[in-house]
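Trainee: Submitted below is the structure of interest, expressed as structure tokens.
Laid out in structure tokens, this is it:
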């Protein structure tokens, strides 16, 4: 195989790999857009914000799970957990103490 043939073969491989990467990127983009479109709040819901007082035995996960079940949006639990962490910025979620207050938001049906 001559040098020119090797260069031509390599260019073909690179072009093929680039096409594969472009197709994969397009599929990931389409999936991300479709997930984003389906995760919007339902029109027949409203946002509820309350203050919750931590009780003995409560953990961050038990609180997240409890209020996530009340959420009408049916969001993925890790997304809901992230939103609650943002809402309660500065609170050490690994070290909750009874009497501590948390801000809680969830969507309720109208």
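Residue numbers (my numbering): 73 to 182.
All C-beta atoms in this analysis are idealised placements derived from N, C-alpha and C, irrespective of residue type, glycine included.
If you run the structure through DSSP and keep just helix, strand and coil, what is residue 168?
Mentor: The answer is coil: DSSP assigns residue 168 none of H, G, I, E or B.
Trainee: Within the continuous alpha helix (DSSP H) that includes residue 140, where are the two ends?
Mentor: Residues 132-142.
Trainee: With a 10 Å radius around its C-beta and 16 neighbouring C-beta atoms as the bar for buried, classify residue 133 as buried or exposed.
Mentor: The residue in question, residue 133, is exposed, as its Cβ has fewer than 16 Cβ neighbours within 10 Å.
Trainee: I need the boundaries of the beta strand (DSSP E) containing residue 196, first residue and last residue.
Mentor: For residue 196 there is no data in the structure shown, the boundaries of the chain being 73 and 182.
Trainee: On the three-state DSSP scale, how would you describe residue 102?
Mentor: Correct three-state label for residue 102: helix.
Trainee: Do residue 165 and residue 126 count as a contact pair if the criterion is CB distance below 8 angstroms?
Mentor: Not closer than 8 angstroms, so no.
Trainee: Check whether the Cβ atoms of residue 118 and residue 182 sit closer than 8 angstroms, and answer yes or no.
Mentor: A contact, by the Cβ cut-off of 8 angstroms.
Trainee: Taking 8 angstroms as the cut-off, decide whether the C-beta atoms of residue 177 and residue 141 are in contact.
Mentor: Not in contact: residue 177 and residue 141 (Cβ atoms no closer than 8 angstroms).
Trainee: Quick check: residue 124 and residue 136, are their CB atoms within less than 8 angstroms of each other?
Mentor: No, the pair does not count as a contact, with Cβ atoms beyond the cut-off.
Trainee: Of the residues 146, 175, 172 and 88, which one's Cα is nearest the Cα of residue 107?
Mentor: Nearest of 146, 175, 172 and 88 to residue 107, Cα basis: 146.
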